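To start, the structure itself, in structure tokens.
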Amino acid sequence: MKNNYKKTILEKKITDAERIKKDSNYLRGTIIDDLKNEITNGFTGDNFSLIRFHGMYQQDDRDLRLERQMQKLEPRYAMMLRCRLPGGIIQAKKWLKINYFAIKHTLYNTIRLTNRQTFQFHGILKKKLKDAHKMLHDIELDSIGTANDVNRNVLCTSNPTESLIHQDAYKWAKRISECLLPQTKAYVEIWLDQKKILTTDKEPILGKTYLPRKFKTTVVVPPYNDVDLYANDMNFIAIVENKKIIGFNVLIGGGLSFIHGNKLTWPFLAKEIGYISTDKILSVAKSIVMTQRDWGNRTDRNNAKTRYTINNVGLAEFKKEIENRANIIFESIRPYTFISRGDRFGWTKGINNKWNLTLFIPNGRICDNNEVLLQSGLFQIAKIHDGNFRLTSNQNIIISEISEKNKDKVEKIAQSYGLMKKTSNLRLNSMACVSFPTCPLAMAEAERILSYFLTQLEKIMLKYRVEKEIIVFRISGCPNGCGRSLLSEIGLIGKSIGRYNLYIGGNRIGSRIPTIYKENITEKEVLIHLENLIKKWSIEREQEEGLGDFIIRKEIVKKIVNPIYDFWN
Ligand code: SRM
Ligand code: SF4
């Protein structure tokens, strides 16, 4: 380990986030007292941060902030709750309860699919939180480890019924999720009223102060990179021989966030460290997490994610430590290729002769509106469907394992509720983060403005006769980059209300970080720049050349090779 880094992590003062974890008695804090406190709808002191370990964020509606301030009321506090759903699979029958809860007990009445294959409720009042957890428990779900400094929801390439390989990959995603979960009994005591037994809490993997920062994992089956693996801390790419997974290439240290103006922060693509056979996957996963636990920077949260640890100690040293801890030697990376990362919409047939129907969910927001009755349509499907719903990392949904006898019925419902409307390839490959009104960190609109941008871009694409093309277009309301804008061909990142940085030149499969093209521009300016680019692309592109690749070939921006240096220059 580099000496000056060792000195930093040993000598500098730990952050308050570390103090909170240390003092929390394995994530209990005084949450139980706060639940009884009727004076405020919020959580107090350390509990504000501790509830995140139980899968909840305290938020307030930012559209109402000013009005409530004027009325001298406390902000309209309510919680966002994120469920744990490794690989995104949930039985359709369970959806009925989730939907009922959203309609009856949340302020927004919607469900939000996230780009990490799970769902969130926004707007649960403190007094309804236990009901939410009990409802999840009744359907064998929970929200443990979906937020804060732990391993988050584990992603897995969607549509596992398509082959036995996918089923196997899903099994591994679940096993990794379970193996890395917090062991504390705090969740069941607080939310499910389980009696406290003599405290036997131990956290052999995560440690008493958990990880230095959030940690993200994927299991991927090439050629589909629908999970956007390069954005994740730890990734297992399945290597297949004779139709069986025989092992995994391991990639570590991806992440997309940065801070405007802070050149010590940068996005980074996960890097290859070697190949392992399947029997090593859990010990390697544990070793990577434990190395990051012990070596991650607990004195500066902006330098605490795995990619910074790797940069601080060196990739070779990090890899050696994993090998020592797991008692393995990585083999050379095995060949693999990715050809796409979008979802495969419409009908596909599975190995078990059952059917899958992938539906496009704009922004992952499950609600009814004038054009589409998404919430009602999915509810009707869930009532008759005895298979699963699969949530994708692109915020869409697959109705999976539909029997032959139900296929027509499902299609009829999907058609009559408007769930199978024809949509442009641009729209199908777009994404936005949640942003306003619930996200406290939002600087500019994302989810609520995506459709406006897409409608304008659809017109521009039609004008230049490229309306059938795919453009991976993504918006994030701030540089935390939840909409994965820094893995898009065209990405917007919020600067302030109505203003964005425009990034261009990523690629369709998500293995290149786009470059800043224009800074702090208005929505109108964004569209003017994009029209010029699309026009040029329509005339000068090579056959089947994507917009991002075209931009790099024509040197409209400099290609990002090493983001540590190139991202800011
Ligand atoms: Fe995110 C924080 C929403 C995927 C990077 N993210 C947040 C919070 C919880 C704001 C907060 O801390 O108070 C947002 C809640 C908004 C709301 O009202 O719901 C939020 N992030 C989301 C979701 C819902 C966006 C979506 O539209 O799907 C995604 C939930 C995924 C899940 O189910 O777990 C979501 N967030 C991501 C991704 C993409 C991914 O994981 O593939 C990233 C970039 C990848 C990465 O981690 O580098 C991402 N979110 C962040 C960060 C920056 C972390 C960092 O490394 O610095 C924050 C802020 C933080 O953690 O301090 C953040
Ligand atoms: Fe909120 Fe920023 Fe993430 Fe969007 S990118 S959800 S605005 S934290």
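Under the UniProt record's numbering, the sequence shown has 174 at position 174, and the numbering climbs by one with no breaks. For each residue, glycine too, the CB sits at the ideal point set by N, CA and C. Remember, predicted model here, so these are calculated numbers, not experimental data.
Out of 567, 211 and 81, the CA that lies nearest to the CA of residue 131 is found in 81. Distances from the CB of residue 435 to the heavy atoms of the ligand SF4 include at least one below 7 angstroms.
Listed in chain order, the non-local C-beta contacts of residue 392 below 7 angstroms within the same chain comprise 88, 117, 158, 226, 343 and 398, local neighbours out to five positions each way being set aside.
Setting aside the 5 residues that flank it on each side, residue 139 is surrounded in the same chain by 94 and 97, each with a C-beta closer than 6 angstroms to its C-beta; the list follows chain order. Scanning its chain for C-beta atoms nearer than 7 angstroms, with the 5 sequence neighbours on each side dropped, one finds around residue 488 the residues 472, 473, 474, 506 and 514, in chain order.
Collapsing the DSSP output to three states places residue 556 in coil. Burial check for residue 380: the Cβ neighbour count within 10 Å reaches 16 or more, so the residue is buried. Remark: C-beta atoms of residue 367 and residue 357 do not approach each other more closely than 8 angstroms. DSSP, reduced to helix, strand and coil, places residue 47 within a helical segment of the structure shown. By the neighbour-count definition (other C-beta atoms within 10 Å, threshold 16), residue 316 is an exposed residue.
The segment 402-416 makes no contact with the segment 427-443: fewer than 3 CB pairs, one atom from each, lie closer than 8 angstroms. With three or more CB-CB distances shorter than 8 angstroms, the segment 263-273 counts as touching the segment 233-252. Less than 8 angstroms divides the Cβ of residue 217 from the Cβ of residue 154. In chain order, 239, 247, 248, 249, 250, 330, 331, 332, 333 and 334 place their CB closer than 8 angstroms to the CB of residue 275, counting only its own chain and leaving out the 5 sequence neighbours on each side.
Taking non-hydrogen atoms of the ligand SF4 into account, the C-beta of residue 442 is found less than 7 angstroms away from one of them.
Taking a C-beta distance under 8 angstroms as the contact criterion, residue 387 and residue 92 qualify as a contact pair. A residue is called buried once 16 or more other Cβ atoms fall within 10 Å of its Cβ, and residue 561, having fewer, is exposed. Cβ-Cβ distances below 6 angstroms link residue 177 to 86 and 154 in the same chain, with the five nearest sequence neighbours on each side left out; the list follows chain order. Note: residue 239 is bridge-paired with 247 in the DSSP secondary-structure output.
With fewer than 16 neighbouring CB atoms inside 10 Å of its own CB, residue 465 falls in the exposed class. Look at residue 106 here: in three-state DSSP terms it is coil, with no helix or strand label. Taking all protein chains in view, the Cβ of residue 136 is crowded by 16 or more other Cβ atoms within 10 Å, so the residue is classified as buried. One alpha carbon belongs to residue 318, the other to residue 564, and they sit about 18 angstroms apart. Annotation: residue 446 to residue 62 spans about 14 angstroms, alpha carbon to alpha carbon. Proximity to residue 147 across 127, 79, 463 and 170 peaks at 79, based on C-alpha coordinates. CA-to-CA, the gap between residue 545 and residue 481 works out to about 26 angstroms. Residue 151 sits close to residue 180, with the two beta carbons spaced by under 8 angstroms. Counting C-beta pairs with one atom in each stretch, the segment 6-24 and the segment 159-169 have fewer than three that are closer than 8 angstroms, which means they do not touch. With at least 16 other beta carbons inside 10 angstroms of its own, residue 305 counts as buried. Under the rule that a run must span 4 or more residues, the alpha helix (DSSP H) segments found entirely inside the segment 343-390 read 374-384.
With at least 16 other beta carbons inside 10 angstroms of its own, residue 24 counts as buried. Residue pairing by DSSP places residue 272 opposite 251 in a beta bridge.
DSSP places residue 138 inside the alpha helix (DSSP H), whose first and last residues are 129-138. Every alpha helix (DSSP H) of 4 residues or more that sits fully in the segment 422-505 is shown, in chain order, as 425-428 and 447-463.
With 16 or more other Cβ atoms inside 10 Å of its own Cβ, residue 115 counts as buried. In the three-state scheme derived from DSSP, where H, G and I count as helix and E and B as strand, residue 224 is classed as strand.
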